[in-house]
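Below is one structure, written out as structure tokens, with a few remarks after it.
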Amino acid sequence: MTLKEEIQKRRTFAIIAHPDAGKTTLTEKLLLFGGAIQTAGAVKSNKIDTATKSDWMEIEKQRGISVATSVMGFEYKDIKINLLDTPGHQDFAEDTYRTLTAVDSVIMVIDCVKGVEIQTEKLMEVCRMRNTPVICFINKLDREGRDPYDLLDEVETKLGISVRPLSWPIGMGKGFKGVYNLYDQQLNLFTPSQRKLSDDRQVFENLDDPQLDGLIGPGNAKQLREDVDLIEGVYPDFDVNEYLEGKIAPVFFGSAVNNFGVNEMLDTFIKIAPAPKSRETDVREVKPEESKFSGFIFKIHANMDPNHRNRIAFLRICSGKFERNKPYNHVHGAKPLRFSNVTQFMAQDKEIIDEAFPGDIVGLYDTGNLKIGDTLTDGENMVFTGIPSFSPEIFREVVNKDAMKTKQLEKGLKQLMEEGVAQLFTFDIGSRKVVGTVGQLQFEVIQFRLKNEYNATAEFHPMNLYKACWISSKDKKQLDEFVRSKNRYIARDKDDKLVFMAESKSWLQMVQDNYPDIEFHFTSEF
Ligand code: G4P
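See below:
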């Protein structure tokens, strides 16, 4: 197969959802279709049980399990699908944000009872930054949920994306009869079953056909005819290019646990979802079909065993062919790197592979050379952009509790930050170190790992901070002046970029108003 054919064959995506909406269930059904698993229940939820929420060791163990399911590859109708898993627990949201930088599209699951929830909103913000194409799956139609029109309105207003239903539900909850596929003009009748693999579809080019009344009842048939008329009148025709540009999200309705509506979504997905696309670097745009390999690291998973400092770095291949044992340019590092242990994840199995292509994700065993955001190439010096850090939500000051182990503490902090466990900011004044995270759990993780792996003892003292904003200005003089006058609140991130540490929302607003020439950014790339 040519490189171009390999690329056209691949779809790399993630499922995003608020916990409990049905991500794990949908993943499992997709894997069943791909023949990657044989039985339901084979996919472990990476959701953290409420009972073990405070026990982060348990969580890390579960995360350990989830390494195996971090990427699930399978084939469906000659398409190689790479599904990237995202952590369920919101304290690991930063992990999810980064994973989204490595995909070409997203399927968003929404619970029809709960509608758009907070985690979905946050994840969608990240998708919007990169104009990631989104397909929306409205789940749990076997339950009494909200009115479908309301749900669509909510997606548009809360998530800021236009929608276009490609299927439409007939009834809901106990009265759920099935969905009508507006795209293929097919009626898909619902029979609750967790086992069946194919839908019961019937083509209905003309909904006026009286057979419809017999199949779903005259009341439902009348309602469906009205709904379809309304939808076709209100929504413009589905334009695949608008979907590919991230402007419009096609919507499907179904019930993942009953394996209903999943197959038809998957069939549409492989037709419309993008194959690997070009990606930006600091130098130029890189096309996937370029013969020379390039890729970037978006996730690092540490081994919890302190005797083995092994880590698995997840590489997204962006162009060319990646080959095992070939030396590659580590753009951020001092020397070329070659990898003898290259893993690809096929559903539940890991296998050592010799080559991989754009869109593929491979796991590289690494002893500490690689960090998140690093670029690997077959020669060229360039760095992939679009893998930013996001402003954390919780800040704590690092207090060294063992002066004899200062070096160890610094090394430990540096390495943990490279893994993306949290972000470190160092204040200009007094060199105070502040760790920022999206969840409380990370502090326990860091404290434990510092002790366990680096023999350093640190405490984390609460700080009254609201946001870390990266700052810039076209006017260097103004920026210098700002840094001077606000020096108590100025810190540097890991790349020595200037950061303004704002204590409260209202105060940040006031500072922004007072300094119109300074730009405040909530992500590290701007
Ligand atoms: P998540 O990964 O997004 O967190 O969600 P997950 O798939 O684990 O699903 C959350 C719960 O919703 C599960 O129930 C699951 O069975 C249920 N669910 C998923 N799809 C549907 C659906 O189409 N209809 C209905 N009625 N329920 C659905 P649970 O009770 O938490 O777990 P379980 O014991 O049933 O596995």
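The sequence shown runs 1 to 526 under my numbering.
All C-beta atoms, glycine included, are put in the ideal place defined by N, C-alpha and C.
Inclusion of residue 257 in the 7 Å shell around the ligand G4P follows from its C-beta lying nearer than that to a non-hydrogen atom of the ligand. When secondary structure is reduced to three states using DSSP, residue 112 falls in the coil class, being assigned neither helix nor strand. The three-state secondary structure of residue 487, taken from DSSP, is helix. The three-state secondary structure of residue 31, taken from DSSP, is helix. At least one heavy atom of the ligand G4P sits closer than 7 Å to the Cβ of residue 19. Taking 7 Å as the cut-off, one finds at least one heavy atom of the ligand G4P near enough to the beta carbon of residue 139. Here residue 295 carries a strand assignment [DSSP, helix/strand/coil]. Set against 7 Å, the gap from the CB of residue 86 to the closest heavy atom of the ligand G4P is not smaller. Residue pairing by DSSP leaves residue 256 without any beta bridge partner. Buried is the label assigned to residue 257, since at least 16 other Cβ atoms lie within 10 Å of its Cβ.
In this structure, residue 359 lies near residue 10, with their beta-carbon atoms less than 8 Å apart.
Beta-bridge pairing by DSSP links residue 361 to 316.
Rounded to whole angstroms, the Cβ separation of residue 83 and residue 112 is 23 Å, and the two are not in contact under 8 Å. Placement of the Cβ of residue 311 at a distance of 7 Å or more from every heavy atom of the ligand G4P is found. In this structure, residue 143 has its CB closer than 7 Å to one or more heavy atoms of the ligand G4P. Runs of beta strand (DSSP E) with 3 or more residues, each lying fully within the segment 399-459, are found at 423-427 and 433-437, listed in chain order. Take residue 524, set aside five residues on each side of it, and the residues of its chain with a beta-carbon closer than 7 Å to its own are 388, 389, 470, 493 and 497, in chain order. Residue pairing by DSSP leaves residue 127 without any beta bridge partner.
Around the beta carbon of residue 168, a 10 Å sphere encloses 16 or more other beta carbons of the protein chains shown; the residue is thus reported as buried. The shortest C-alpha to C-alpha distance from residue 79 to any of 408, 424 and 271 is the one to 271. Residue 28 counts as buried, since at least 16 other C-beta atoms from the protein chains shown sit within 10 angstroms of its C-beta. Relative to the ligand G4P, even the nearest heavy atom lies 7 Å or more away from the CB of residue 174. The secondary-structure analysis by DSSP pairs residue 508 with nothing; it has no beta-bridge partner.
Going by DSSP, residue 519 is part of no alpha helix (DSSP H) but of the beta strand (DSSP E) stretching over 519-521. The segment 453-472 and the segment 392-410 touch, with no fewer than 3 CB-CB distances between them shorter than 8 Å. Within 7 Å of the C-beta of residue 23 there is at least one heavy atom belonging to the ligand G4P. According to the DSSP assignment, residue 143 belongs to no alpha helix (DSSP H), since it is labelled neither H nor E. For the options 7, 314, 502 and 121, the alpha carbon positioned closest to that of residue 99 is the one of 314.
Around the CB of residue 366, 16 or more other CB atoms lie within 10 Å, so the residue is classed as buried.
In the same chain as residue 373, and ignoring 5 residues on each side of it, the C-beta atoms closer than 6 Å to its own belong to 387, in chain order. Ranked by Cα distance from residue 325, the options 310, 333, 342 and 316 are led by 342. Contact between the segment 479-487 and the segment 435-442 is absent: fewer than 3 CB-CB pairs across the two stretches fall below 8 Å. Between residue 22 and residue 155, the C-beta gap is not smaller than 8 Å, which leaves the two residues out of contact.
In the three-state DSSP reduction, residue 230 falls in the helix class (H, G or I). In the structure shown, the three-state DSSP call for residue 213 is helix.
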